[in-house]
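These protein sequence lines map, in sequence, to chains W and P. Going by numbering that gives the first Met the number 0, the first sequence opens with residue 0, and the numbers climb by one from there. Going by numbering that gives the first Met the number 0, the second sequence opens with residue 0, and the numbers climb by one from there. A virtual CB, placed ideally from N, CA and C, is assigned to each residue, including glycine. Source: prediction; values computed, not measured.
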Amino acid sequence: MNEAVALLPGYLAWHVLLSAGALVLGLAISLPLAVLASRSPRLRWPLLAFAGLIQTIPSLALLALFFPVLLALSSASNALFGKGFSALGFLPSLLALTLYSMLPTLRTTVTGILGVDPAVREAADGVGMTPRQKLWRVELPLALPVIMAGVRTATVWTIGAATLSTPVGQTSLGNYIFAGLQTENWIFVLFGCAASAGLAIAADQLLGLMEAGAAHSDRRLVIAGAAGLLAGVALALLPLAATGKPASYTIGAKNFSEQYILAELMAARLEADGAHVARKEDLGSAVAYRALAAGEIDAYVDYSGTLWANILNRQDNPGRQAVLTGLTTELMARDGVVVLGSLGFENAYAFAMRRDRAAALGVTSLADLARLSPRLKLGSDIEFLSRPEWKNVDAAYGFSFARETSYQPTFMYRGLASGDVDVISAFSSDGRIAANDLVVLTDPRGALPPYDAVILISPKRAADARLLKALKPLVGAVSVEAMRTANYSVDRDEGKLSPAAAAVELARTLDQH
Amino acid sequence: MAGTAIAFDDVSKRFGGHAALSGVSLTIASGEFVALVGASGSGKTTLLKTINRLVAPDSGTVTLGGVDVAAGPAPEIRRKIGYVFQEIGLFPHLTVAENIGVTPGLLGWPVERIAARVSELLDLVSLPAAVAARRPAALSGGQRQRVGVARALAAEPALLLMDEPFGALDPITREALGADVRALHDRLGLTTVMVTHDMAEAVLLADRIIVLDAGAVIADGAPVDLVRTATDPRIRALIDAPRRQAARLAERLGGGA
Chain W
0 MNEAVALLPG
10 YLAWHVLLSA
20 GALVLGLAIS
30 LPLAVLASRS
40 PRLRWPLLAF
50 AGLIQTIPSL
60 ALLALFFPVL
70 LALSSASNAL
80 FGKGFSALGF
90 LPSLLALTLY
100 SMLPTLRTTV
110 TGILGVDPAV
120 REAADGVGMT
130 PRQKLWRVEL
140 PLALPVIMAG
150 VRTATVWTIG
160 AATLSTPVGQ
170 TSLGNYIFAG
180 LQTENWIFVL
190 FGCAASAGLA
200 IAADQLLGLM
210 EAGAAHSDRR
220 LVIAGAAGLL
230 AGVALALLPL
240 AATGKPASYT
250 IGAKNFSEQY
260 ILAELMAARL
270 EADGAHVARK
280 EDLGSAVAYR
290 ALAAGEIDAY
300 VDYSGTLWAN
310 ILNRQDNPGR
320 QAVLTGLTTE
330 LMARDGVVVL
340 GSLGFENAYA
350 FAMRRDRAAA
360 LGVTSLADLA
370 RLSPRLKLGS
380 DIEFLSRPEW
390 KNVDAAYGFS
400 FARETSYQPT
410 FMYRGLASGD
420 VDVISAFSSD
430 GRIAANDLVV
440 LTDPRGALPP
450 YDAVILISPK
460 RAADARLLKA
470 LKPLVGAVSV
480 EAMRTANYSV
490 DRDEGKLSPA
500 AAAVELARTL
510 DQH
Chain P
0 MAGTAIAFDD
10 VSKRFGGHAA
20 LSGVSLTIAS
30 GEFVALVGAS
40 GSGKTTLLKT
50 INRLVAPDSG
60 TVTLGGVDVA
70 AGPAPEIRRK
80 IGYVFQEIGL
90 FPHLTVAENI
100 GVTPGLLGWP
110 VERIAARVSE
120 LLDLVSLPAA
130 VAARRPAALS
140 GGQRQRVGVA
150 RALAAEPALL
160 LMDEPFGALD
170 PITREALGAD
180 VRALHDRLGL
190 TTVMVTHDMA
200 EAVLLADRII
210 VLDAGAVIAD
220 GAPVDLVRTA
230 TDPRIRALID
240 APRRQAARLA
250 ERLGGGA
C-alpha cells in the first residue's frame, strides 16, 4: 500500500496530463464539427457514423493502432525534415483518447442545437441576430445542459480509458492495474481502479457544479467549478514540473514479472553509476522491439526464439547457438540493434502438467501428449495459440485437444491446479513450475525453439560506453534457478516482493558468484 | 398619410409544390394599421415574413420606403423592424429586461440607454417594473406577449409586424392587449401590419383589411366597406361567422340584456 502511494504523484500527473490534454483537444475539434453538422444534414450522418465507429473499436486496440501509424509518420518526417518524433507513449495515447472523447460531445452538441425550439430560433432571426450571434447567444446557451451531459460523459470515459495507455508505453494510473494483474498484486489493481475512478468522479462533479451554475445564471458556481478543475490539474501536474529533468536512459519491459525484474536489474546498475533511468513497462511484444529499433527505449530483454520467429520471420530451428549467432549478425545488419549477449538462462515455451495427472496418464513427452490429446484440455497464455511456435510444435506432433483456452498467466496456473485444464503452455523460467511441483514434458522432435534471454541495445546506444559497461556484466550471469526464484518471489500469493525488491535480491545472488 | 411605407410588387413564393403567394402587388401607406386576414394556408404569414426577409420571395420585390429589402444584410433590416411572433418566441434563458433589450444591444446602444428604454417600455406595455429581472417562464401568457410587444418596439422602429400576436391568449387578455397595441400604434405613429385569422379582431383594430386566399389578394379595403359590400362567398364566410356568433350570443342572453 505504501509502495502504491509512493508511486501516485508520478502516475497521477501523467494520467491527468493525458486525460486533460485529450479532452481539451477533443472538445476543440468536436464542438466546431458539431456546429457544422447541426447546420448540414449531409455532413451530420457521416460524421456521427464515423465517431460512432471509433467508439466501437476497443479502446486498447485503438491505442495500439496509433503506434505503427505514428512510427511510419515519424520515419517519414525523419526522411523529409531530418527530425522524427516519439511514436511511443504520450503521442499515440493522446491521439487515441482525443478521438475517443469526441463522440459524446459531438452527438450531444448536435442534438442540443437541433433541439432548440424553432420558434426561438425564428425569434433570433426576427430580432436581427446574425447566424453567429444566434449560435452564441441563443443556440449554444440553450443547448448547454445537453452539451454538458456529453462533456461529462466524455470526461469519465477518457479518464477511464487513459489507464489503457500503459501498454503503449505511457505512464498512467493503468501502471498499477497492469503491473498488479501480472504480479497478482491485488492491492495495486484496486488502488489503480480506485484512483482512476476517484479522479473521474471528482472531474465529473466539478463539471456538474459548472453546469448547475450556468443553468441558474450563478456565476460564482461556474467560477468555483472552473477554478476547482484548473487547480486540480495544476496540483496534479506539479510532480512533472519538479522532476522535469529528462531521463538519460530508458529501459523497456514487456508485461510480465520476469521482464519487470530484469528491467529493474538493468536500471539499478545504471543508477548505481549515477545515471537517470526511466522505465517503460508493460509494452506489447511487437511494440517493444520496434520501440527499441526506433530508439524510443535504449535497452530491454527479449528471447531468442521470439526474435527469430517474429522479427526475422524464420520457421526453422537450427539449434540454440546458431539462433543466437544468426540473431546477433542479422539484427545488427537489418536494424542496427545490438544483441549484447545471453543472460545465461532460457525462458522457453514448455508444456507443463500436474505431476499426479502426468503419472496417471503416463505422459512424459509431447509425443505422449499428442496421442492422448483428444481427451485433454490445453490452457495457454493469450498470445501462444496465435504464435508461430505453436504452429511449429502442432505441425510436429499433430495435437487435437478437446478444448483450447487462453488465460492471463496467473489464471492459467489456477486452471491447471483446479483441473479445468490438463496441460498448460508454461515458461521454463517460471518459478511456479517448481513451486507447484509441475512436470515439464520433453520435446523429442526438437520442435520448440530455444529462448535464451538476451539483452538488446538500441542502435543509437550501440556505442554508449556507460550503458555497455553497466549491462555487460549481466551477460551469462543469471542462472535459470536464480531467475525462477526471483520470479516466484514476485508471483507467489504470500509475502510477495515488488519487482524492484526482487531485482535487489537477484543482484545479491549474482554478486556471490 | 405621408407616403408609401411598404410596396409589394408581383411577389410570388412556392413551398415545394404549394404556391404560398402568387403575384401579390400591394402598397401600404405610412401610419396605416393593416390586418392581413385569411384562412390557414392562405399565405398571410408568408406575405408578412417577406417584409423582414424571414421569407425570401421566389420572384417579385418588396420595398420599404422605396428601398428593396433584398439589398444589404438581412439582420440589419430586421433590427429596424419590430416583430411580434405568433408563438411569442421569448428567449427562455434571458430575463425579461434582456429579452426587451436584445435588439438595441445588437445595434450597439450604450447600456444606460438600453436600461432606460427597457423601463420605459415596461411602462408602455403596462407591466410592473418588478418583472424585469424574471425569466419568461415565470410570467403569465398575457404578460409574456406584452414583453413580446415591448421587445418588438425596443429599437424604436417605425414599422411593427405582428404574426397572430394574440392567438394564444384568453379572451379578456386578448381584448385588453389588442386595445393597448392599437393605442401604441396611434401614439407612436407606427405603421403596423398584423396577421390574424379572426375577422372580428381585424375589424376592431385595423384601418384596412386585406383578405388573402390561396396566395392571392381577394379583398382590400376599410372594414366598414368590406363588411357592407363584399359578395365573394369566401370573404362573406370570414365576416359572417363572427356576426352569426354575436347574434346567437345576443339571442341566448335575451336580446338587449
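Item                                                                                                                    : Value
Nearest residue (CA-CA) to serine 73 of chain W, options W:Met331, W:Met482, W:Gly294, W:Ala359                         : W:Gly294
9 Å Cβ cutoff met for alanine 485 of chain W and alanine 502 of chain W                                                 : yes
Chain-ordered neighbours of histidine 92 of chain P on chain W, where CB pairs are closer than 7 Å                      : Pro140, Leu141
CA nearest to the CA of isoleucine 250 of chain W, picked from W:Leu229, W:His275, W:Ala233                             : W:His275
Span separating the alpha-carbon of alanine 287 of chain W from that of glycine 173 of chain W                          : 18 Å
Length of the line joining the Cα atoms of leucine 139 of chain W and alanine 115 of chain P                            : 29 Å
Distance between beta carbons of valine 336 of chain W and leucine 269 of chain W, contact taken as under 8 Å           : With 8 Å as the limit, leucine 269 of chain W and valine 336 of chain W do not qualify as a contact, their Cβ atoms being about 19 Å apart.
Between the CA atoms of phenylalanine 66 of chain W and lysine 12 of chain P - distance to the nearest angstrom         : 57 Å
Where serine 41 of chain P falls, given that 16 or more other Cβ within 10 Å makes a residue buried                     : buried
Sub-9 Å separation of threonine 44 of chain P and phenylalanine 7 of chain P beta-carbons                               : no
Min CB distance alanine 3 of chain W to chain P below 9 Å                                                               : no
For leucine 160 of chain P, the three-state DSSP class (helix, strand or coil)                                          : strand
Near-chain P residues of the segment 121-132 of chain W - C-beta to any C-beta below 9 Å                                : Glu121, Ala122, Ala123, Asp124, Gly125, Val126, Gly127, Met128, Thr129, Pro130, Gln132
Residues near arginine 483 of chain W in its chain [Cβ-Cβ closer than 8 Å; skip 5 each side]                            : Ser428, Asp429, Gly430, Ile432, Ala433
Contact belief for valine 422 of chain W with leucine 375 of chain W at Cβ below 8 Å, rounded distance in angstroms     : 6 Å
C-beta atoms of valine 438 of chain W and arginine 353 of chain W nearer than 9 Å                                       : yes
Candidates P:Ala129, P:Ser125, P:Val146, P:Leu126: closest to proline 135 of chain P by CA position                     : P:Val146
Chain-ordered chain P contacts of valine 137 of chain W [CB-CB under 7 Å]                                               : Phe90
Residue range of the unbroken alpha helix (DSSP H) whose run includes valine 188 of chain W                             : 185-214
For aspartate 315 of chain W and alanine 321 of chain W, the rounded distance between their alpha carbons               : 11 Å
Beta-carbon gap between threonine 170 of chain W and glycine 325 of chain W smaller than 9 Å                            : no
Segment limits, alpha helix (DSSP H) that includes valine 322 of chain W                                                : 319-334
Contact belief for leucine 189 of chain P with isoleucine 208 of chain P at Cβ below 8 Å, rounded distance in angstroms : Their Cβ separation, rounded to whole angstroms, is 18 Å, which puts leucine 189 of chain P and isoleucine 208 of chain P out of contact at 8 Å.
Test: serine 18 of chain W CB closer than 9 Å to a CB of chain P                                                        : no
Under 8 Å by beta carbon: chain W residues contacting phenylalanine 84 of chain P                                       : Ala118, Glu121, Ala122, Gly125
Assigned secondary structure, aspartate 419 of chain W (DSSP; H/G/I helix, E/B strand, else coil)                       : coil
Cβ distance (whole Å) where leucine 536 of chain W is taken to contact leucine 26 of chain W below 8 Å                  : Nothing can be reported for residue 536 of chain W: it is not among the residues displayed for chain W, which extend from 0 to 512.
Endpoints, the beta strand (DSSP E) within which methionine 198 of chain P is located                                   : From DSSP, methionine 198 of chain P is part of no beta strand (DSSP E) but of the alpha helix (DSSP H) over 198-204.
Beta-carbon separation (whole angstroms), valine 36 of chain P vs alanine 245 of chain P, contact threshold 8 Å         : That belief does not hold up - the Cβ atoms of valine 36 of chain P and alanine 245 of chain P are roughly 17 Å apart, past 8 Å.
CA-to-CA distance, proline 238 of chain W to glutamine 142 of chain P, given in whole angstroms                         : 58 Å
Helix, strand or coil at alanine 274 of chain W [DSSP, three-state]                                                     : coil
Supposed close pair glycine 414 of chain W, glycine 378 of chain W - CB separation, criterion 8 Å                       : 5 Å
Contact list for leucine 105 of chain P against chain W, beta-carbon separation under 8 Å                               : Val126, Gly127, Met128, Gln132
Expected contact under 8 Å - CB spacing of isoleucine 80 of chain P and asparagine 51 of chain P to nearest Å           : 5 Å
Interfacial residues, the segment 53-76 of chain P to chain W, with Cβ spacing under 9 Å                                : Leu53, Pro72, Ala73, Pro74, Glu75, Ile76
As assigned by DSSP and simplified to three states, the class of glutamate 345 of chain W                               : strand
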